[in-house]
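Enquirer: This is the structure I want to talk about, given as structure tokens.
In this note's numbering, the protein residues as written are 2 to 210.
Right, dumping it as structure tokens:
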């Protein structure tokens, strides 16, 4: 993990603050487990801090979930963006959805290691949206690096309560993706409220839809 000063500066420059010790444990577990299974191609300390942790948290500077919101992270993978969000917003009721059991085993270990509560759901996103246990149950859905917006609309919008919000974390081509996926979003009962372009400290372009 990067030093505490570096981590605090990364978050502080964005107006954020996080528990360094817990993020450090998360980083160490990600690096350790990644030697046994494919969780991420980014494993260096700086990369994890900027391209995983900060990248997951920056949307909170643009939009804040309601207090105590039920949030589902679709195709959560190694827990991004929702686990870092939960560390900063402990009031969120977190559900982690993934189709691969091994990734959920990792996330269970992480949640225990950093002391957070989360419901773990082993399912394909398209199946979860048809399951009464999950359909229209959440106020917030998130997804990062899973699929195009047209598919994500089909996966994620059925999970939301009426009036809920879906946060799609995208790369530099997110604006074009939003235009291409707008019809699918509308067909699923949603509308695109905002498309915000920004950059990581590394210079990499990002888009929040």
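From the three backbone atoms N, C-alpha and C, an ideal C-beta is built for every residue, glycine too.
Nothing here was measured: the structure is a model prediction, and the numbers come from that model.
Sort out for me which residues DSSP pairs residue 1 with in a bridge.
Expert: This structure cannot settle anything about residue 1, because the visible part of the chain is limited to 2 through 210.
Enquirer: Just tell me which of 198, 140, 203 and 204 has its CA closest to the CA of residue 60.
Expert: Comparing Cα positions, the closest option is 198.
Enquirer: Please classify residue 174: does DSSP put it in a helix, a strand, or coil?
Expert: coil
Enquirer: In this structure, how does DSSP classify residue 33 when only helix, strand and coil are distinguished?
Expert: helix
Enquirer: Among the residues of its own chain, which have a CB less than 7 Å from the CB of residue 109, if the five just before and after it don't count?
Expert: Excluding sequence neighbours, residue 109 sits near 121.
Enquirer: Shortest alpha-carbon distance to residue 27 belongs to which of 156, 74 and 86?
Expert: 86
Enquirer: What residue range does the beta strand (DSSP E) around residue 113 cover?
Expert: Looking at the DSSP string, residue 113 is not in any beta strand (DSSP E); the run it does join, the alpha helix (DSSP H), is 102-115.
Enquirer: Say the cut is 8 Å; is the CB of residue 104 nearer than that to a heavy atom of the ligand FMN?
Expert: Because no ligand of any kind appears in the structure shown, any question about the ligand FMN cannot be addressed here.
Enquirer: Can you check which of these residues, 46, 89 and 171, is closest to residue 30 by C-alpha distance?
Expert: 46
Enquirer: Less than 7 Å between C-beta atoms, sequence neighbours within five positions excluded: which residues of the same chain meet that for residue 67?
Expert: 140
Enquirer: What are the start and end residues of each continuous beta strand (DSSP E) run of 3 or more residues lying completely inside the stretch 32-107, in chain order?
Expert: Counting only runs of 3+ residues, the beta strand (DSSP E) found wholly inside the stretch 32-107 occupies 71-75 and 94-99, in chain order.
Enquirer: Please name the residue, chosen from 112, 167, 113 and 115, that lies closest to residue 138 on a Cα-to-Cα basis.
Expert: Comparing Cα positions, the closest option is 167.
Enquirer: Would DSSP call residue 190 helix, strand or coil?
Expert: coil
Enquirer: Would you report the Cα separation of residue 130 and residue 169, rounded to the nearest angstrom?
Expert: 17 Å
Enquirer: Skipping 5 residues on each side, what residues in its chain have a beta carbon closer than 6 Å to that of residue 21?
Expert: 5 and 8
Enquirer: Kindly list the residues whose CB is nearer than 6 Å to the CB of residue 107, restricted to its own chain and excluding five residues on each side of it in sequence; keep chain order.
Expert: 34
Enquirer: Which of helix, strand or coil does DSSP assign to residue 120?
Expert: strand
Enquirer: Which whole-angstrom value describes the C-beta separation of residue 97 and residue 105, a residue pair presumed to lie in contact below a C-beta threshold of 8 Å?
Expert: 7 Å
Enquirer: Give the single residue among 195, 134 and 100 whose Cα lies nearest to the Cα of residue 77.
Expert: 100
Enquirer: How big is the Cα-Cα spacing for residue 13 and residue 203?
Expert: 16 Å
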